[in-house]
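Chemist: Chains as they are written, first to last, in the numbering used here: chain A, 1 to 292; chain B, 293 to 811.
Every residue gets a Cβ at the ideal spot worked out from N, C-alpha and C, and that includes glycine.
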């Protein structure tokens with residue numbers, strides 16, 4: 001036995017330390033502010049918007065922004081402010097929910113592929129690559145053809161798109177750690193594979209993947225919006241940013257406010273999560289700072 | 293280390309070349325295609341699927357067929373419903389039940405099928421009329437007894453009885469298209485998407501599904517040629533998308549969305565002319581009476597009372613169209629003054645309560661178009677208001693037009709549809725699709741009324757306009773009493789075309805492609 005078994009890499013800093021470092025970065029502060037704004041608006045949508053998002057009033061169609069309708073109204077006279085806030089709930093629900101589920105599945109499959117026998121690794125890699133090879137829109141169309149358009153279809157598409165990427169990263173890191181001395185030591189002490197993965201491998205591979213996942217949230221929001229724009233996502237009258245954009249596209253010559261109302265939250269959310277994710281990555285791994 | 297010995301294209305050089313090429317393309321003069329009088333680019337609302345007049349699925353297919361196959365007669369362009377002969381030198385009614393025809397000499401079929409003869413006329417008309425062939429258009433020739441061939445080019449069409457719609461909605465439509473008997477028999481009795489033995493002013497020379505259909509002037513057509521050398525027909529389902537295509541210079545003619553008419557009239561695109569035509573088409577919500585919960589007539593009645601047709605039409609068409617009272621438009625015999633069952637949500641709730649129904653959930657299938665989606669969302673809100681949850685299902689045109697077909701497997705799941713049929717200027721053309729024989733063909737509500745069928749048959753042979761008026765009013769009453777129908781609107785037709793194109797249109801705005809001409 002070697003005289004000194006190498007220690008696991010240092011654990012990530014505490015929440016307070018992370019926040020302190022995050023708040024030192026202007027882009028991080030900007031991203032965090034946008035994320036808080038978007039999440040807060042979605043959570044408190046009922047309080048912030050008094051109008052019912054699905055209430056139809058055709059006589060009030062295409063009204064410009066006013067005190068009564070902060071973002072104006074759409075072609076059915078629905079209040080766009082209420083629809084944007086409630087649409088934010090759908091976007092965040094899909095983005096956070098499906099990303100978390102993708103992350104959990106990706107971590108489990110990645111650990112199995114990286115630590116398991118070679119044949120199992122080969123099979124899983126084949127599955128990951130096969131899934132990854134499908135263009136997102138084609139995959140979405142195929143699923144919607146089979147099961148019909150729905151929120152569930154959007155979530156399934158996101159999971160199928162994200163899992164292979166997460167699993168591959170986890171697998172690579174697991175393979176690297178598998179031969180490390182502290183893992184070898186744990187094996188020689190009779191630790192079960194499940195315990196080794198849970199106690200020794202997982203804590204050392206999960207950090208980067210969580211940051212990657214946070215940066216994927218805007219991508220997922222774009223997928224949800226894109227599918228809803230194409231009529232493959234949430235069904236009417238459920239408000240969704242993509243559906244608002246579609247309404248805006250169809251009626252852009254009547255009113256530009258609908259496209260603006262649907263587009264601005266997507267832009268803000270994308271910027272917020274991207275800046276936040278990049279800053280978090282820099283905080284956890286300063287060597288990557290400044291790299292795109 | 294190896295060296296590049298051949299010519300090297302640097303990234304900067306590549307970018308600058310691409311940029312220069314892009315700028316040149318952007319600055320190049322963009323000419324409307326019709327200006328040189330060669331190519332006309334038009335929009336149709338659906339792609340072709342079948343080039344067989346006996347089994348055509350949509351009005352755009354009929355438009356193409358009348359251009360590529362010679363027919364006995366076609367509609368004449370203008371604001372009055374009129375016809376002109378196309379493949380004939382003689383076409384006249386000798387008495388109530390006899391029509392004489394003489395074909396133009398020297399009309400040839402392509403693909404080596406020889407000259408068009410009276411035998412082909414006999415074959416084509418009797419083929420549609422023959423019940424064994426199950427043509428959805430059999431009603432157009434329901435009065436046909438036989439076609440008598442006199443000689444190579446002439447003959448007599450014998451009817452069983454007087455036939456009121458003959459000169460309005462039978463002869464000028466694709467139901468008088470003449471196919472080559474030999475060609476159809478060689479194809480096994482039915483034509484598919486690829487036309488065979490073409491004979492019209494144009495030939496279908498290219499079909500790229502979902503992208504475009506190209507008609508080219510028929511070099512062997514010896515009579516008046518079509519106005520343009522080529523007609524490119526682009527299938528664009530959504531009229532709003534077509535308007536954008538027009539503004540981008542990709543189209544010379546399109547129907548507009550009804551909801552766009554007012555805006556386009558106020559602000560027509562550069563080089564564009566906007567006009568409006570009264571439409572005969574009819575839009576309605578259909579309820580499939582063979583599928584729960586609409587197998588209960590009281591539930592159907594509740595839905596009739598639940599839908600606020602005025603709001604639906606106002607919302608979908610931005611006030612440009614008015615509500616309808618049935619399937620027959622103003623100006624035609626049988627137009628009703630008012631529907632029987634109007635918007636009454638309280639009555640709808642009462643009926644549902646009497647039926648002990650709560651938490652009802654239904655589906656509404658629609659064509660994937662912005663106007664239809666808007667209308668569907670108002671219907672959804674109306675139904676929610678009386679306690680019925682409605683899921684909207686959007687379908688592309690290929691899927692939508694087969695939803696209620698008995699040959700598919702969806703008709704027994706289809707609950708509600710938001711539908712629109714185009715129309716010819718005779719009321720029988722409206723009722724024809726709802727007779728019992730059309731169940732599972734175009735009668736997706738599976739509305740089954742023997743009395744309605746008899747009225748339809750009476751209307752076909754009755755020539756007294758007053759009596760026809762009564763017949764068709766009663767027929768629509770029966771439709772509405774069944775609970776299967778909520779009549780919405782006849783729409784209006786918005787036309788947008790280039791000022792370099794003289795359009796050839798029927799009075800309701802439908803295109804007659806060979807009659808389009810360069811200005």
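Relative to chain A, which residues along the region 531-555 of chain B have a C-beta separation below 7 Å, given in chain order?
Modeler: Listed by position, the residues of the region 531-555 of chain B near chain A (Cβ gap below 7 Å) are 532, 555.
Chemist: Buried or exposed for residue 66/A, going by 16 or more other Cβ atoms inside 10 Å?
Modeler: Classification for residue 66/A: exposed.
Chemist: Taking residue 153/A and residue 144/A to be in contact with their CB atoms under 8 Å, please state how far apart those CB atoms are, rounded to whole angstroms.
Modeler: The Cβ separation is near 5 Å, so the contact holds.
Chemist: Is DSSP giving residue 449/B helix, strand or coil here?
Modeler: Correct three-state label for residue 449/B: strand.
Chemist: State yes or no: is the beta carbon of residue 324/B nearer than 8 Å to at least one beta carbon in chain A?
Modeler: Low confidence applies to residue 324/B: its pLDDT is 44, below 50, so where it sits in the model is not reliable, and the reading given next is rough at best. Not closer than 8 Å to any Cβ of chain A, the Cβ of residue 324/B fails to qualify, so no.
Chemist: Going by beta carbon distance, what residues of the same chain come within less than 7 Å of residue 396/B, once the five residues before and after it are set aside?
Modeler: 379, 380, 381, 515, listed in sequence order.
Chemist: When you compare the CB of residue 596/B with every CB in chain A, is at least one pair closer than 8 Å?
Modeler: No, its Cβ sits nowhere closer than 8 Å to a Cβ of chain A.
Chemist: Residue 231/A touches chain B at which residues, Cβ-Cβ below 9 Å?
Modeler: The answer, in chain order, is 660, 665, 686.
Chemist: Please identify the residue among 200/A, 76/A, 97/A whose C-alpha is closest to the C-alpha of residue 668/B.
Modeler: It is 76/A whose Cα lies nearest to the Cα of residue 668/B.
Chemist: Give the C-beta separation of residue 256/B and residue 509/B to the nearest angstrom, bearing in mind that I take them to be a contact with Cβ-Cβ under 8 Å.
Modeler: Since the first residue shown for chain B is 293 and the last is 811, residue 256/B is missing from the structure and cannot be characterised.
Chemist: Using the three-state DSSP reduction, which class does residue 244/A fall into: helix, strand or coil?
Modeler: Reduced to three states, the DSSP call for residue 244/A is helix.
Chemist: Helix, strand or coil for residue 663/B, going by three-state DSSP, please let me know.
Modeler: It is helical.
Chemist: Within the same chain, show all residues whose beta-carbon is closer than 7 Å to that of residue 262/A, passing over the 5 residues directly before and after it, in chain order.
Modeler: The answer, listed in chain order, is 241, 244, 245, 248.
Chemist: Quick check: the Cα distance between residue 249/B and residue 736/B, rounded to an integer number of angstroms?
Modeler: Because chain B spans 293 through 811 in this model, residue 249/B falls outside it and cannot be assessed.
Chemist: Just tell me which of 175/A, 22/A, 27/A, 201/A has its CA closest to the CA of residue 186/A.
Modeler: The candidate whose alpha carbon is nearest that of residue 186/A is 201/A.
Chemist: Beta-carbon of residue 657/B versus every beta-carbon of chain A: anything under 8 Å?
Modeler: It does not: the Cβ of residue 657/B has no partner Cβ on chain A nearer than 8 Å.
Chemist: Whose C-beta lies closer than 8 Å to the C-beta of residue 268/A among residues of the same chain, with five residues either side of it excluded?
Modeler: 34, 37, 38, listed in sequence order.
Chemist: With 8 Å as the threshold, decide whether the Cβ of residue 683/B is near any Cβ in chain A.
Modeler: Closer than 8 Å to some Cβ of chain A, the Cβ of residue 683/B qualifies, so yes.
Chemist: Among residues of its own chain, excluding the 5 on either side of residue 739/B, which ones have a beta-carbon nearer than 6 Å to its beta-carbon?
Modeler: Closer than 6 Å at the Cβ level, and outside the excluded window around residue 739/B, lie 726, 774, 776.
Chemist: Alpha carbon to alpha carbon, what distance is there between residue 554/B and residue 511/B?
Modeler: In a straight line, the C-alpha of residue 511/B is about 42 Å away from that of residue 554/B.
Chemist: Pair every Cβ in the region 408-425 of chain B with every Cβ in the region 343-351 of chain B, then say whether three or more of these pairs are closer than 8 Å.
Modeler: In short, these stretches touch, since the Cβ pair count reaches three.
Chemist: Give the secondary structure of residue 330/B by DSSP, where H, G and I count as helix, E and B as strand, and everything else as coil.
Modeler: Coil.
Chemist: Can you tell me which of the three DSSP states residue 101/A falls into?
Modeler: If DSSP states are grouped into helix, strand and coil, residue 101/A belongs with the helices.
Chemist: Since residue 360/B and residue 490/B should fall inside the 8 Å C-beta cutoff, what is the C-beta to C-beta distance between them, to a whole number of angstroms?
Modeler: Contact flag correct, Cβ pair sits at about 5 Å.
Chemist: Output yes or no for whether 8 Å exceeds the beta carbon distance between residue 721/B and residue 552/B.
Modeler: Not in contact: residue 721/B and residue 552/B (Cβ atoms no closer than 8 Å).
Chemist: Determine the extent of the beta strand (DSSP E) in which residue 785/B is found, giving its start and end residues.
Modeler: It spans 784-790 - the beta strand (DSSP E) in which residue 785/B sits, taken as one unbroken run.
Chemist: Indicate whether at least one CB of chain B lies closer than 8 Å to the CB of residue 235/A.
Modeler: By this cut-off, residue 235/A is an interface position.
Chemist: Determine the direct distance from the alpha carbon of residue 341/B to that of residue 700/B, and round the result to whole angstroms.
Modeler: For residue 700/B and residue 341/B, the distance between alpha carbons rounds to 16 Å.
Chemist: Compute the Euclidean distance between the alpha carbons of residue 874/B and residue 275/A, then round it to the nearest angstrom.
Modeler: Look at the range of chain B in this structure, 293 to 811, and you will see that residue 874/B is not part of it.
Chemist: On the DSSP bridge assignment, give the partners of residue 138/A in chain order.
Modeler: Residue 138/A is not bridged to any residue.
Chemist: Tell me the rounded alpha-carbon separation between residue 446/B and residue 430/B.
Modeler: Looking at the two C-alpha atoms, the distance is approximately 23 Å.
Chemist: Have a look at the DSSP bridge pairing and note the partners of residue 570/B.
Modeler: According to DSSP, which records beta bridges pairwise, residue 570/B is partnered with 784/B.
Chemist: What's the gap between the Cα of residue 805/B and the Cα of residue 688/B?
Modeler: Answer to the nearest angstrom: the Cα atoms are 25 Å apart.
Chemist: Taking Cβ-Cβ distances shorter than 9 Å, what residues in chain B pair up with residue 187/A?
Modeler: Chain B residues near residue 187/A: none, gap ~45 Å exceeds 9 Å.
Chemist: What are the complete alpha helix (DSSP H) segments, minimum 4 residues, inside the region 453-531 of chain B?
Modeler: Listed in chain order, the complete alpha helix (DSSP H) runs (minimum 4 residues) inside the region 453-531 of chain B are 473-478.
Chemist: So the alpha helix (DSSP H) residue 640/B belongs to, where does it begin and stop?
Modeler: Unbroken alpha helix (DSSP H) run through residue 640/B: 637-646.
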